[in-house]
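Under this note's numbering, the very last position in the sequence shown is 108; numbers go up by exactly one each time.
Note that the Cβ used here is the ideal one computed from N, Cα and C, for glycine as well.
Please read these numbers as outputs of a predicted model, since none were measured by experiment.
I have placed the structure first, in the form of structure tokens, so that the comments after it can refer back to it.
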Amino acid sequence: DIPDHDGDKAFGVKSLAILLGKEWAFWLGTFLIMMAYGAAIVTGASTTFLYSKLVTVLGHGALASIFWLRARSIDLSDDKSTHAFFVFAGKLYFAEYFLIPFVR
Numbered sequence: 005d006i007p008d009h010d011g012d013k014a015f016g017v018k019s020l021a022i023l024l025g026k027e028w029a030f031w032l033g034t035f036l037i038m039m040a041y042g043a044a045i046v047t048g049a050s051t052t053f054l055y056s057k058l059v060t061v062l063g064h065g066a067l068a069s070i071f072w073l074r075a076r077s078i079d080l081s082d083d084k085s086t087h088a089f090f091v092f093a094g095k096l097y098f099a100e101y102f103l104i105p106f107v108r
């Protein structure tokens, strides 16, 4: 819960961002999400259906690239930048609903 780091700290909540620091928690989460995109790409590449393979690999590759570029540009010291990134990540989450039917 990086956007609420200061509130968590003030109220004694032991979130990952408090325990590891904002940057470590952010990059750990980013790494895990990129691993999930990688798993989706490998799953898509292993299908025998060409159309599913193309949509799944290219779609997840595009979403992963966009996510990575946006993650590299975040300013963790700026609450607005951090909040905007998390809203953006939520939009990518909903974009997955378009790609999931193609995973076979």
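Handout entry: Residue from Ala99, Thr60, Trp31 whose Cα sits closest to the Cα of Ala49
Key = For the purposes of this step, residue 49 is taken as residue 45 along the sequence shown, with counting starting at 1. For the residues Ala99, Thr60, Trp31, the minimum Cα distance to Ala49 belongs to Thr60.
Practice task
Taking Phe106 and Ser56 to be in contact with their CB atoms under 8 Å, please state how far apart those CB atoms are, rounded to whole angstroms.
Solution key: Your numbering for residue 106 matches position 102 in the sequence shown. Your numbering for residue 56 matches position 52 in the sequence shown. At roughly 5 Å, the Cβ-Cβ gap stays under 8 Å, so Phe106 and Ser56 are in contact.
Exercise for the section: Indicate the three-state DSSP secondary structure (helix, strand or coil) for Leu80 in the structure shown. Expected result: If you number the sequence shown from 1, residue 80 lands on position 76. Coil.
Practice task
Could you name each continuous alpha helix (DSSP H) segment of 4 residues or more that falls completely within the stretch 19-96, going from the start of the chain to the end?
Solution key: 20-24, 26-49, 54-76
Problem - Boundaries of the alpha helix (DSSP H) in which Gly11 is found, first to last residue - result: The residue given as residue 11 occupies position 7 in the sequence shown. Its alpha helix (DSSP H) spans residues 9-14.
Exercise for the section: Measure the C-alpha to C-alpha separation of Leu77 and Phe71 and round it to an integer number of angstroms. Expected result: As a position in the sequence shown, residue 77 is number 73, starting the count at 1. As a position in the sequence shown, residue 71 is number 67, starting the count at 1. Rather than Leu, the amino acid found at residue 77 in this sequence is Ser. One C-alpha to the other measures close to 10 Å.
Exercise for the section: Kindly list the residues whose CB is nearer than 7 Å to the CB of Met38, restricted to its own chain and excluding five residues on each side of it in sequence; keep chain order. Expected result: Within the sequence shown, numbered from 1, the residue matching residue 38 stands at position 34. Ala68, Trp72, listed in sequence order.
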